[in-house]
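Participant: Chains as they are written, first to last, in the numbering used here: chain V, 41 to 229; chain Z, 41 to 229; chain L, 41 to 229; chain G, 41 to 229. C-beta atoms are modelled at their ideal positions from N, C-alpha and C, and glycine is treated no differently. Okay, handing you the structure first.
Protein chains: 4
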Amino acid sequence: MTADPARRSERSRRAILDAALELLAETGYSDLTIEAIASRAGVGKQTIYRWWRGKGAIILDALIDATSSAEALVLPDTGDLEADLRTVMRATVAEFADPKLSATTRALTIETLNDEKLAEQVRDQLLRPQLDAVKKRLQAGPIRADVDLDQAVELLFGPLYHRWLLRTGPLTDEYADGVVQLAIAAITP
Amino acid sequence: MTADPARRSERSRRAILDAALELLAETGYSDLTIEAIASRAGVGKQTIYRWWRGKGAIILDALIDATSSAEALVLPDTGDLEADLRTVMRATVAEFADPKLSATTRALTIETLNDEKLAEQVRDQLLRPQLDAVKKRLQAGPIRADVDLDQAVELLFGPLYHRWLLRTGPLTDEYADGVVQLAIAAITP
Amino acid sequence: MTADPARRSERSRRAILDAALELLAETGYSDLTIEAIASRAGVGKQTIYRWWRGKGAIILDALIDATSSAEALVLPDTGDLEADLRTVMRATVAEFADPKLSATTRALTIETLNDEKLAEQVRDQLLRPQLDAVKKRLQAGPIRADVDLDQAVELLFGPLYHRWLLRTGPLTDEYADGVVQLAIAAITP
Amino acid sequence: MTADPARRSERSRRAILDAALELLAETGYSDLTIEAIASRAGVGKQTIYRWWRGKGAIILDALIDATSSAEALVLPDTGDLEADLRTVMRATVAEFADPKLSATTRALTIETLNDEKLAEQVRDQLLRPQLDAVKKRLQAGPIRADVDLDQAVELLFGPLYHRWLLRTGPLTDEYADGVVQLAIAAITP
DNA sequence: ACATAATCGAGACGGTACGTCTAGTCTTACG
DNA sequence: CGTAAGACTAGACGTACCGTCTCGATTATGT
């Protein structure tokens with residue numbers, strides 16, 4: 041009854057993922073339709089429904105696919121913890137600023153709120169690696185022994201997401217630096 | 041051309057707001073339709089479109105309406121800053137834990153991502169008061185002079201929203217306490 | 041729940057019926073789609089589904105609409121029964137020969153085979169009047185008293201339909217004349 | 041490029057024909073799908089498309105296959121023409137009355153209307169033998185010299201098909217008898 | 001008190017996308 | 001090569017909502 045992955049057409053898979061990302065950049069998430077993806081990819085709708093559960097699942101795959109080939113997720117360790125963290129945080133700010141990347145993230149975030157299964161995948165396959173990389177760097181740098189590393193990581197990313205999500209203020213490098221400074225104050229001896 | 045608020049039917053307004061909240065609780069946000077609201081409220085669709093711009097605007101009104109009668113948004117000042125913050129943070133965690141309230145908040149947050157105008161209203165009418173209350177308490181309590189209060193507030197709420205949004209871990213009182221502890225370390229002398 | 045005929049748009053009704061007949065003539069019945077009708081008529085699909093049960097029902101309406109304004113269904117009585125019958129039978133042959141009319145008839149006949157309700161309507165609203173007209177003429181003309189008029193009518197039309205349906209031979213005026221001659225022999229004293 | 045009949049699997053052919061007839065009886069013609077036939081027959085779809093042009097062709101083959109083993113198509117000649125004709129006509133009525141057989145015949149008749157090639161085959165391979173048998177009996181019995189035999193045959197079958205196709209009245213033995221009586225009046229001296 | 005104008009309930013309308021279904025073609029692995 | 005299996009492109013199906021647009025039938029002033 042279910043589809044056999046061995047016989048799956050790689051050609052179609054690629055076309056769908058590419059089309060989805062293209063259209064997302066062009067039209068925004070809420071105007072993104074499965075029919076448009078199918079049409080752009082030159083693919084039958086059924087082929088999409090055969091392999092994915094919906095828009096969110098496609099975008100997730102597209103994103104995983106796009107980032108998998110990217111940089112090894114290991115943070116540089118220059119010896120200066122604050123400087124290193126500033127680098128990551130500023131990179132994150134840049135990601136939020138990029139309309140294309142931001143659109144994708146928004147798309148996934150939206151879908152995530154209604155789809156527990158998808159939320160899991162996003163968390164484990166996209167987010168966790170990024171957070172863990174920071175966590176590893178924290179472990180190395182000089183921090184107080186009693187600090188919960190997971191909490192420390194979220195102390196860094198939390199404010200950034202908060203500002204992106206709720207537009208409580210400008211999301212700039214300066215803001216990132218400020219957050220890092222506070223966090224450093226919180227976790228170093 | 042625009043509608044005259046003076047002649048607006050309060051009866052219909054109430055029915056729509058109530059129906060919206062009921063249906064939101066029953067079916068979740070993405071399955072919530074204007075037609076269902078109209079039908080449940082015993083109201084013509086045009087009456088909805090005359091006064092609101094879409095789902096998000098309705099929910100926002102409903103939420104404002106529901107919370108307006110609530111507690112005055114002034115944090116108690118017991119003299120113990122950490123304890124006071126723990127109280128607010130735990131209250132926020134409780135809000136996120138309540139499935140019904142959480143659903144509503146999520147609903148709004150979703151819509152916010154695609155609707156700049158709505159985002160403004162949510163930020164200013166719902167969020168800001170809460171954040172400002174915390175900000176005021178911080179001002180009173182003993183904190184370092186060089187700390188940016190807005191950043192401080194987001195240092196507190198950011199991690200909570202992060203965890204709520206991305207499910208990176210359990211959203212418990214203990215977590216709230218940990219965040220407060222770290223934040224206190226960051227902002228007190 | 042059901043639609044209110046009073047509020048029906050005559051404009052749409054006309055457009056749909058016209059589009060259906062046009063497309064039927066252009067593409068043939070099995071290539072005729074509801075979507076094409078809707079598109080050609082500049083109408084939403086729902087408007088079609090609101091008022092008709094399917095392709096067959098549309099065609100039926102279109103046909104009734106087209107024939108309603110036509111000739112009063114009374115056969116001329118010249119006093120010469122055989123001549124009068126020849127006239128009707130030849131007219132029927134001509135109808136079968138006209139590709140456009142024939143296509144419509146075929147379409148209806150097909151749909152009829154799977155839809156008892158439609159079959160009834162076709163029979164009562166399209167066929168019966170035609171048959172009854174012939175019946176009336178037979179009543180007037182000189183025929184044997186013991187002849188069942190319904191059987192007589194079908195003795196005339198049956199062979200024509202048979203030939204049209206099953207292509208057992210050419211459907212010409214000569215054939216019509218032959219059938220009339222045989223029928224006359226059967227029913228006159 | 042075309043398939044080589046020599047290598048054809050008789051096993052598959054049988055399974056397909058049987059499945060087609062079964063499904064036809066179960067679901068009716070318009071709900072009968074090639075996929076269902078393939079699945080029921082345990083056969084790949086390609087195997088069907090390799091050897092048949094579509095539903096109609098399969099049903100035709102199935103029907104020919106089913107009737108080929110049947111009675112030799114020679115009408116008995118008791119010397120009483122009217123009685124002999126009554127026998128055939130009543131048999132035809134019985135065929136139409138049997139829902140299963142009737143369904144199959146209708147199915148083919150439908151397809152015939154859209155497929156000239158199929159129409160030919162149905163006419164020549166299924167219908168003609170039956171008509172010819174009656175024609176032969178007419179030749180023997182006492183009829184007027186000037187009667188066109190083909191017309192005479194259709195004078196008999198036409199009304200029956202007419203009533204079957206258009207449901208203009210009950211299709212009973214009495215009706216068959218009536219038709220025979222009229223036809224006899226038309227063609228005997 | 002009454003005309004008059006806007007709001008109201010209802011729901012038909014032109015559209016768009018949904019997710020499903022089947023047609024007919026193409027690909028893969030087996031015998 | 002023919003076959004069973006089933007993935008593929010294509011596109012129609014009938015449904016659900018969208019946001020706009022008539023319709024009377026209430027209101028609700030404002031002269």
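Taking 8 angstroms as the CB-CB limit, is residue 179 of chain Z close to chain V?
Facilitator: no
Participant: Please report the residue range of the alpha helix (DSSP H) in which residue 146 of chain G lies.
Facilitator: 139-154
Participant: Around the Cβ of residue 89 of chain Z, are there at least 16 other Cβ atoms within 10 angstroms (buried) or fewer (exposed)?
Facilitator: Around the C-beta of residue 89 of chain Z, fewer than 16 other C-beta atoms lie within 10 Å, and the residue is accordingly described as exposed.
Participant: With distance defined between alpha-carbon atoms, name the residue in G:219, G:211 and G:210 nearest to residue 196 of chain G.
Facilitator: G:219
Participant: What's the call for residue 180 of chain Z, buried or exposed, on a 16-neighbour Cβ count within 10 Å?
Facilitator: Exposed, by the Cβ-count rule.
Participant: Determine the burial state of residue 44 of chain Z: buried for a count of at least 16 other Cβ atoms within 10 Å of its Cβ, exposed for fewer.
Facilitator: By the Cβ-count criterion, residue 44 of chain Z is exposed, with fewer than 16 other Cβ atoms from all chains shown falling within 10 Å of its own Cβ.
Participant: In the DSSP assignment, find the alpha helix (DSSP H) that holds residue 169 of chain L and state where it starts and stops.
Facilitator: Counted as a single uninterrupted DSSP element, the alpha helix (DSSP H) harbouring residue 169 of chain L occupies residues 168-180.
Participant: Which residues in chain V have a C-beta closer than 8 angstroms to the C-beta of residue 167 of chain Z? List them in chain order.
Facilitator: Residues of chain V passing the Cβ test: 206 and 208.
Participant: For residue 71 of chain V, which of helix, strand or coil comes out of DSSP?
Facilitator: In the three-state DSSP reduction, residue 71 of chain V falls in the coil class, being neither helix nor strand.
Participant: In chain V, what lies closer than 8 angstroms to residue 171 of chain Z by C-beta?
Facilitator: 208
Participant: Between residue 103 of chain V and chain Z, is the shortest Cβ-Cβ distance under 8 angstroms, so that the two count as touching?
Facilitator: no
Participant: State yes or no: is the beta carbon of residue 133 of chain G nearer than 8 angstroms to at least one beta carbon in chain L?
Facilitator: no
Participant: For my contact list, residue 115 of chain L and residue 174 of chain L are in at a C-beta cut-off of 8 angstroms; report their separation, rounded to the angstrom.
Facilitator: 6 angstroms
Participant: Between residue 54 of chain V and residue 108 of chain V, what straight-line distance do the alpha-carbon atoms span, to the nearest angstrom?
Facilitator: 14 angstroms
Participant: Answer yes or no: does any C-beta atom of chain L fall closer than 8 angstroms to that of residue 119 of chain G?
Facilitator: no
Participant: With a cut-off of 8 angstroms on the beta carbons, I'd call residue 226 of chain L and residue 185 of chain G a contact; round off their distance for me.
Facilitator: Actually they are not in contact, since the Cβ atoms of residue 226 of chain L and residue 185 of chain G sit about 17 angstroms apart, beyond 8 angstroms.
Participant: Roughly how many angstroms separate the alpha carbons of residue 159 of chain Z and residue 77 of chain G, rounded to a whole number?
Facilitator: Going by the C-alpha atoms only, they are around 56 angstroms apart.
Participant: Tell me the DSSP secondary structure of residue 217 of chain V in three-state form.
Facilitator: Of the three classes helix, strand and coil, the one that applies to residue 217 of chain V here is helix, per DSSP.
Participant: Look at residue 178 of chain V and residue 100 of chain V and say whether their C-beta atoms are less than 8 angstroms apart.
Facilitator: no
Participant: Any contact of the stretch 199-209 of chain V with the stretch 194-212 of chain Z, i.e. 3+ C-beta pairs under 8 angstroms?
Facilitator: Counting C-beta pairs with one atom in each stretch, the stretch 199-209 of chain V and the stretch 194-212 of chain Z have three or more that are closer than 8 angstroms, which means they touch.
Participant: Output the residue ranges of the alpha helix (DSSP H) runs that lie fully inside the stretch 181-210 of chain L and measure 4 residues or longer, sorted by chain position.
Facilitator: 189-206, all fully within the stretch 181-210 of chain L.
Participant: Of the residues L:165, L:94 and L:75, which one's Cα is nearest the Cα of residue 3 of chain L?
Facilitator: Limits of chain L in this structure are 41 at one end and 229 at the other, which puts residue 3 of chain L out of reach.
Participant: Which residues mark the beginning and the end of the alpha helix (DSSP H) in which residue 87 of chain Z is found?
Facilitator: 85-91
Participant: Please classify residue 59 of chain G as buried or exposed, where buried requires at least 16 other C-beta atoms within 10 Å of its C-beta.
Facilitator: buried
Participant: List, in order along the chain, the chain Z residues whose C-beta lies closer than 7 angstroms to that of residue 150 of chain V?
Facilitator: 150 and 153
Participant: Show which residues of chain Z have a CB atom less than 7 angstroms away from the CB atom of residue 53 of chain V.
Facilitator: Neighbours of residue 53 of chain V on chain Z: none; closest Cβ ~27 angstroms, over 7 angstroms.
Participant: Between residue 70 of chain Z and chain V, is there a C-beta pair that is closer than 8 angstroms?
Facilitator: yes
Participant: Does residue 214 of chain V come within less than 8 angstroms of chain Z when only Cβ atoms are used?
Facilitator: no
Participant: Expressed to the nearest angstrom, what Euclidean distance is found between the alpha-carbon atoms of residue 161 of chain G and residue 121 of chain L?
Facilitator: 39 angstroms
Participant: Using 8 angstroms for Cβ pairs, my map puts residue 201 of chain V next to residue 201 of chain Z. What's the rounded Cβ distance?
Facilitator: 7 angstroms
Participant: Of the residues G:139, G:102 and G:84, which one's Cα is nearest the Cα of residue 66 of chain G?
Facilitator: The option with the nearest alpha carbon to residue 66 of chain G is G:139.
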